[in-house]
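Going by this note's numbering, the sequence shown opens with residue 7, and the numbers climb by one from there.
Quick reminder that beta carbons are idealized off the backbone N, C-alpha and C, glycines included.
First comes the structure, then the notes that go with it.
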Amino acid sequence: MNKIKLSVGEAIVKFIDNQFLEIDGVKSKIVDGVFTIYGHGNVVGLGEALTNFKHNLKVMQGKNEQGMAHIAIGYAKQNLRRKVLAVTSSVGPGSANLVTAAGTATANRIPLLLFPGDTFANRQPDPVLQQIEFDNNNDNSTNDALRAVSKFWDRIYRPEQIMSSLINAFRVLTDPENTGTVTICLPQDVQGEVYDYPQDFFKERIHYLERPRPSYRALEDATELIKSAKKPLMIIGGGALYSEASEELKKFSSTFKIPFGLTQAGKGTIEHTHEFNLGGIGVTGTMCANIAAKQADLIIGIGTRYTDFTTGSKSLFNDNAKFININLNKKDVMKLDALSLKGDAKTTINYLTDQLEQFDYVSEWKDEISTLKSEWEKEVEVISSGKDILIKGLDSEKVVEEFKNVFDNYFHQTQLFKAIESEIKKMDDDAIVVGAAGSLPGDLQRLWNVNSVNTYSVEYGYSCMGYEIAAAIGVKMAEPNKEVYAFVGDGSFLMLHSEILTALQENVKINIILLDNSGYGCIDNLQTSKGINSNSTHFRKRKENNILDGELLNVNYSMIAQGYGCFSKPVNNFEELESAFREAREQEKVTLLEFKVLPKTMTEGYETWWRVGLTDNGKTNLIKSKKEEDKKVIERIKEY
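Right, here's the structure in full:
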């Protein structure tokens, strides 16, 4: 057997540089590059290999470990989970910073490859800088925090272990059923150890992404269940997008007159112009999709995890509704006691289409769908008109008046949102939008119209604040010829905006749309709508009584962006809107447009409910705050 002498770091670089994925006859490289923040846990091991060893990986410098991992998530997501950027960090705080991003990737089933540095395997220098010591265990390190948020986790104690570890890593990275974060911890001494590896281990390796179909029995049972349904409704999730099932789903919907709603992850699957597209579904969904869900006697879930935001905490559907689930993941396909079709979305829909066409099946939905869509369009006109439609809650009117007194210029959020969409669509019909947390995912899912497939990249499985800007960089790296717009609130911006510098270094142009309502407005809405007085959700000065109840802070975020070297400017009124977006579009570097937004003017729930924990006192206060006509709401509160 031919062998090659390499350090562990060199072996890792050589292996990941030769991994390929093939689907539908198309082969592509899996790992395109490595993001790193060097420290004493990785700079002289894996870092040396990335610097001196010959390879074809692009090495990029991050500014925050969480941020560069979010860039990798955005990149993998936009590439439909078929390409990744590896991430390496130093030991201790560097690896700890990866935990949030690792959770984000695993929750959303996005492949993420992490190589955090670790303490010494031989333990002789212990305790090393940044090492946490445990009285009853010498084996733990900060990296053990990554176990809970990783789909595959390993620590390398001997050079030869890397062979089985890397094979398992790519098993998970290329498995659409169980992908997520892969973490391989690299002790500092082991990274530099040398071993005679088999040459064959580093040969080009092709991982095949198959399209499995469900059993014929399950397909026959599903066909019979659909045939007996009068008003079926599809819920299209992220699995449908990653399967590239857009055309198949459009045909299925049109042929059998079956309407559909889309989850946050699934929204980019089908253009909004499709006649049976009801838009987003669930807590952040449209009125028409949620009303249809209540009327449906059969729900066909396609590639969805059925999160509480999709199901309205399982209150969205008719009590007598039945379920069919199409999913590669065994756990997801069995949810809601559904008839399970475990298989690829694209393949499965093709089989069902062939079966149902034999019976000339057509649903009994008549004019209801067009009527529901028309009523929703009228609602969008109203909430986009700029009228004072405020989300109700304790202190709502007080907060709005305070904001008006502090800020000279401001917008109503829903009116601004549709105006921004109009300006972007004038210039780029295929622009990609990125979002993650706060009220903006609700506005995006309800109001943003998808004109092109895979142009909607909202992370809402983990709802991770701080994700937006970094992920937008990853999206732009995956789609360099499209304009990318990151919608971010002031709260999320403050959590993580340091990767702006990375974008400038890498000449990656993204557009940041910053909506500032001086606080965590979405959570303030949740707080005050549940009968709780507003507390610690606005950005205020502290009063002498030691309470954060003073004047609202007025931050100039465009100046922060200018300090980085971005093109940025505040937009004060609608007259400035068109020129601001034109200027941003013409730039070749990162842009930031800042908008002051009146609190309580975002969209709110339609025909749905979200269950959150309430104390007994909270339930009592909430019931008292509701009007008499809200009997259904009151009964639901009492139930839990």
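Tyr468 sits buried, since 16 or more C-beta atoms from the chains shown fall within 10 Å of its C-beta. Only exposed fits Phe365, as fewer than 16 other CB atoms lie within 10 angstroms of its CB. By the C-beta criterion, the stretch 496–512 is judged to be in contact with the stretch 570–580, since at least 3 inter-stretch pairs fall below 8 Å.
Between the alpha carbons of Asp435 and Ser458 lies a distance of about 7 Å. Distance between Asn24 and Leu362, taken at the CA atoms: about 44 Å.
Restricted to the stretch 202–256, the beta strand (DSSP E) segments that are unbroken, complete and at least 3 residues in length are 211–214, 238–242, listed in chain order. Counted as a single uninterrupted DSSP element, the alpha helix (DSSP H) harbouring Ser535 occupies residues 527–535. Of all alpha-carbon atoms in Asn531, Glu383, Ala78, Phe329, the one lying nearest the alpha-carbon of Gly399 is that of Asn531. Under the 8 Å Cβ criterion, the stretch 207–220 does not count as touching the stretch 121–131, having fewer than three qualifying pairs. Here His418 is near Thr607, since their CB atoms are less than 8 Å apart. In the DSSP assignment, Phe59 falls outside any beta strand (DSSP E), carrying neither H nor E. Just so you know, the alpha carbons of Ala92 and Glu557 end up roughly 44 Å apart. For Arg311, the CB contacts under 6 Å within the same chain, skipping 5 residues up- and downstream, are Asp338 in chain order. A direct Cα-Cα distance of roughly 8 Å separates Ser221 from Leu347. Between Ala246 and Gly286, the gap from beta carbon to beta carbon reaches 8 Å or more.
Taking a contact to require three or more Cβ pairs closer than 8 Å, the stretch 425–433 and the stretch 607–621 do not qualify as touching.
Setting aside the 5 residues that flank it on each side, Asn335 is surrounded in the same chain by Glu183, each with a C-beta closer than 6 Å to its C-beta; the list follows chain order. Counting C-beta atoms within 10 angstroms of its own C-beta, Asp181 has 16 or more neighbours from the protein chains shown and is therefore classed as buried.
Residues of the same chain with a CB within less than 6 Å of the CB of Ala351, apart from the 5 flanking positions on each side, are Gly245, Ala246, Ser249, Ala251, Ile308, Gly309, Ile332 in chain order.
Within the model, the alpha-carbon separation for Ala492 versus Ala443 is close to 12 Å. It is roughly 18 Å from the alpha-carbon of Asn143 to the alpha-carbon of Ala154. Secondary structure note for Asn296: its alpha helix (DSSP H) is the uninterrupted segment 293–301.
Comparing alpha-carbon positions, the option among Gly15, Asn579, Ala586 lying closest to Pro165 turns out to be Gly15.
DSSP, read as helix, strand or coil, puts Thr187 in strand.
Your pair Gln451 and Gln270 checks out as a contact, with CB atoms roughly 6 Å apart and the cut at 8 Å. Take Thr229, set aside five residues on each side of it, and the residues of its chain with a beta-carbon closer than 7 Å to its own are Leu358, Gln361, Leu362, in chain order. Secondary structure note for Val339: it is in no beta strand (DSSP E), and the uninterrupted alpha helix (DSSP H) holding it is 336–339. Exclusion of the five residues before and after Asn149 leaves Ser101, Pro122, Asp124, Cys191 as the residues of its chain whose Cβ lies within less than 6 Å of its Cβ. The straight-line gap separating the alpha-carbon atoms of Asn356 and Ile475 is approximately 37 Å. Under the Cβ criterion (8 Å, minimum of three pairs), the stretch 536–544 does not count as touching the stretch 589–602.
It is roughly 16 Å from the alpha-carbon of Trp454 to the alpha-carbon of Tyr612. According to the DSSP assignment, Pro576 belongs to the beta strand (DSSP E) that extends over 573–576.
Taken in chain order, the whole alpha helix (DSSP H) runs of length 4 or more contained in the stretch 20–80 are 52–58. Residue pairing from DSSP places Phe329 in a beta bridge opposite Ile305. Asp449 and Ala82 have their C-alpha atoms spaced approximately 24 Å apart. By the Cβ-count criterion, Met471 is buried, with 16 or more other Cβ atoms from all chains shown falling within 10 Å of its own Cβ.
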